[in-house]
Every structure is written in C-alpha cells, then in structure tokens.
Amino acid sequence: MGADSGSIQDDSTRMKAWLATRLDTRSVASFVPGPGIARLNLMFDIAKLREALTVCLSRAHYQGNMQAEGFAALPLTRRPGVAEVSENDLSGRYWLRPDDSYEEVPREEYVDEAAYSEFDPMFAGTYFEEVYHALSQRFTIGRLRVLSKGLYNCNSWHRDPEPRLHIPVVTNPGSLFIVNHHVTHLPADGSVYFTDTRGYHTALNGGETQRVHIVAALPDGRI
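This is the structure we're talking about:
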C-alpha cells in the first residue's frame, strides 16, 4: 500500500507526540463524573453497609442462573406478599446488539418496577432497610437488589428501560462503570451514584476481589 510523503510525515510527527505523553494513572482509581454518571449528596455509612451485607447473606443466598458466569443477585424488595422470585425478577427487559449485524434486539420481559414496593421482611432490622427508606423518601424506586460481580468479569453491553442508583459496598480499583463513552470507578465510601443506564453501559470487574453494589431502579425515568 502506497503512502504520500505528507501522510508519512504526519503519522511520524503524531506518533512522537503520543510516545512523549504520559497518561494519568492516579485518577482512574477515583470517581470522575461525566455524561450519565453523577454522585448524589446522600451518603451512607460504609461500615454499616458491609455489616448489613454479611447479615443478609446469613439469612439468604444470592440467586440467579448466571452465577457461574459471575452475575448474582439478592433481591431486597418484592411485590407485596409475593415471596417467589423468577429469573425475570432478577433481571428484566434490556436491549443489546449481539452480533455483527449491529441490529438492536430486546431480551427478557419488562418488569413493573413500581410494583416492587415492599421491603423483604426477611431483611427487616438491617441497615439495608434504612437505606431503602432513605431512598424512598427522596425518589420513587423500583427493585432494590444487591448485585455481585465476580473477579475478571464483565456484563453485556446493553441498555435498560430506566436509570439506576448504585451504592458500592465492596469494590476494588479495577471495578469500572461505563455509560456510552464515559468510564469511571465508583469508590465504596458510602456514596450514592446516579447512572443513566438508558444509555448503553456495562459494569466490569477487572480486579482480584468480588465487587458488590446495591442497585435501585428509578421507574420515573422509564423510556
């Protein structure tokens, strides 16, 4: 393949500039807001969050048929009086482009987020119940779940019908959240993060330890 001298010189000049640049390797271990990802003023006690996680997991186990693939869920809310949990309850409608046709397709059935209005009495008295009430005082929330992601693991690249709140409980600097073109770490310091998951997004755990978030759906933002 031929190339004119101007193109060669331009590529050579740009390469020298790139090689001379030193990228920032510190800020990637902190939160950097961007389009579709923001931090709220609301804060929780991280020590109490972790204690509640231990207590809740002593009362119930993670659920879901994707646990071998690194995705597990522990529902904290339910439809009033409905104790049974289906696979669709744990996940729900999303869209993705699964192949090289680049055509978007829907997966799974819609979930009526607003119907999950009862905090599961199995977890009554835990700090997670306080989290539920604090969120409910501020926003209409749908399903409230504890989501676990195994090490060296990534979700699909997809979009959801509504935005989500994320409260990291256990994390590591290699755990990242991506919405469209913006990527950032979400530190587990008690912060609450708005993630506009109506855009294409994924969560990945590139670290050597488990990553656990509390995730609340925001049905008022449904597409």
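In terms of numbering that gives the first Met the number 0, the sequence shown opens at residue 0 and continues consecutively. Just so you know, even glycine gets a beta-carbon here, dropped at the ideal spot from N, CA and C. Only a predicted model underlies this, so the values are computations on that prediction, with no experimental measurement involved.
One or two residues paired with residue i in a DSSP bridge
i, result
"residue 231", "In this structure the chain extends from 0 to 222, so residue 231 is not present and cannot be described."
"residue 56", "Its beta-bridge partners do not exist; DSSP assigns none."
C-beta contact flag for residue i and residue j at 7 Å
i, j, result
"residue 119", "residue 77", "yes"
"residue 163", "residue 196", "yes"
"residue 216", "residue 161", "yes"
"residue 63", "residue 41", "no"
"residue 205", "residue 179", "no"
"residue 174", "residue 210", "yes"
"residue 233", "residue 141", "Residue 233 falls outside the range modelled here, since the chain spans only 0 to 222, and no answer is possible."
"residue 223", "residue 190", "Because the chain in this structure spans residues 0 to 222, residue 223 falls outside the shown range and cannot be described."
Chain-order list of residues whose beta-carbon lies under 7 Å from that of residue i (same chain, five-residue window excluded)
i, result
"residue 69", "148, 149, 152"
"residue 23", "none"
"residue 177", "200, 201"
"residue 125", "51, 54, 55"
"residue 84", "62, 74"
Beta-carbon contacts of residue i that lie in its chain and below 6 Å, excluding the five residues immediately before and after
i, result
"residue 214", "144, 146, 163, 165"
Give the list of continuous alpha helix (DSSP H) stretches no shorter than 4 residues that lie fully inside the stretch 71 to 138.
Here the runs fully enclosed are 86 to 89, 126 to 137.
With a floor of 3 residues, list each beta strand (DSSP E) that falls wholly inside the stretch 149 to 218, ordered by position along the chain.
Within the stretch 149 to 218, the complete beta strand (DSSP E) runs of at least 3 residues are 163 to 169, 174 to 178, 181 to 184, 190 to 194, 200 to 204, 210 to 216.
Sufficient close CB pairs (3 or more, under 8 Å) joining the stretch 182 to 191 to the stretch 98 to 115:
Put simply, the stretch 182 to 191 does not touch the stretch 98 to 115. Fewer than three CB pairs are less than 8 Å apart.
Is there contact here, the stretch 42 to 52 with the stretch 164 to 174, by at least three beta-carbon pairs under 8 Å?
These segments touch.
For the stretch 22 to 38 against the stretch 104 to 124, do three or more pairs of beta-carbon atoms, one drawn from each stretch, fall closer than 8 Å, so that the two count as touching?
By the criterion of at least three beta-carbon pairs nearer than 8 Å, the stretch 22 to 38 is not in contact with the stretch 104 to 124.
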